[in-house]
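Counting in the working numbering, the sequence shown runs from 11 upward without gaps.
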Amino acid sequence: MTATAPLPAATTVARRIDTELFGAIAVTDDQLLTFAEGPLGFPACTQWVLLGGATAGTAWLQSAEHAPLAFLLVDPFVAFEGYAVDLSPMELARLGATRASELAVFAIVTLPESREAPVTANLLGPVVINIHGRTGAQLVTSSDTWSVKEPFALEALQ
11 MTATAPLPAA TTVARRIDTE LFGAIAVTDD QLLTFAEGPL GFPACTQWVL
61 LGGATAGTAW LQSAEHAPLA FLLVDPFVAF EGYAVDLSPM ELARLGATRA
111 SELAVFAIVT LPESREAPVT ANLLGPVVIN IHGRTGAQLV TSSDTWSVKE
161 PFALEALQ
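Structure below.
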């Protein structure tokens, strides 16, 4: 599994999305991701767009339905040595995949309010995306190694 799998090329313009971070963006049907249940805490937000991040190993998950809602994502396999996520056959099926290699895995980043606090990533609630099926989900995993607020150096990814 990798978080940096290329997205399929887009075709026709589907809609304009007004966002707070990126202004107005035009997206196609091929760029929209459907989260059947929405990410944790946002069950009504089911349409998303994955946008490239400013540095390698990062991306933005922008809601297509709620302009202020965007999550900074990080490739956990790049940012956290030894990170792994095991997906059950049921989770693979939920995402319309037969193999884990069909999926991209990201961790949601929390930026601190103060410069003294660390940047953290939620490694127990990965965002998993079926690149070709255009579906996604935030899964809940368990680990004795990782946490929902795992500190890391975002600037180290540059």
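We put the beta carbon where it would ideally sit given N, CA and C, even for glycine.
Computed from a prediction, not measured in an experiment: that's the story for all the values here.
Under 8 Å by Cβ, that's how I've got residue i and residue j pegged, so tell me the actual separation to the nearest angstrom.
{"i": "residue 119", "j": "residue 167", "result": "Not really, about 10 Å apart at Cβ, beyond 8 Å."}
{"i": "residue 65", "j": "residue 82", "result": "Actually they are not in contact, since the Cβ atoms of residue 65 and residue 82 sit about 10 Å apart, beyond 8 Å."}
{"i": "residue 77", "j": "residue 28", "result": "5 Å"}
How is residue i classed by DSSP in three states: helix, strand or coil?
{"i": "residue 160", "result": "strand"}
{"i": "residue 77", "result": "coil"}
{"i": "residue 154", "result": "coil"}
{"i": "residue 71", "result": "strand"}
{"i": "residue 28", "result": "strand"}
{"i": "residue 166", "result": "helix"}
Looking at the unbroken alpha helix (DSSP H) that takes in residue i, where does it start and where does it end?
{"i": "residue 89", "result": "86-89"}
{"i": "residue 103", "result": "99-104"}
Could you check whether the Cβ of residue i sits closer than 8 Å to any Cβ belonging to chain B?
{"i": "residue 144", "result": "Protein chains in the displayed structure number just one, and chain B is not present."}
Considering just the uninterrupted stretch of the beta strand (DSSP E) at residue i, what are its terminal residues?
{"i": "residue 136", "result": "129-140"}
Inter-stretch contact at 8 Å, needing at least 3 Cβ pairs: the region 136-147 / the region 96-107: Result yes; three or more Cβ-Cβ pairs closer than 8 Å.
Cβ contact (3+ pairs, closer than 8 Å) linking the region 117-133 and the region 77-89: At 8 Å Cβ cutoff, the stretches touch.
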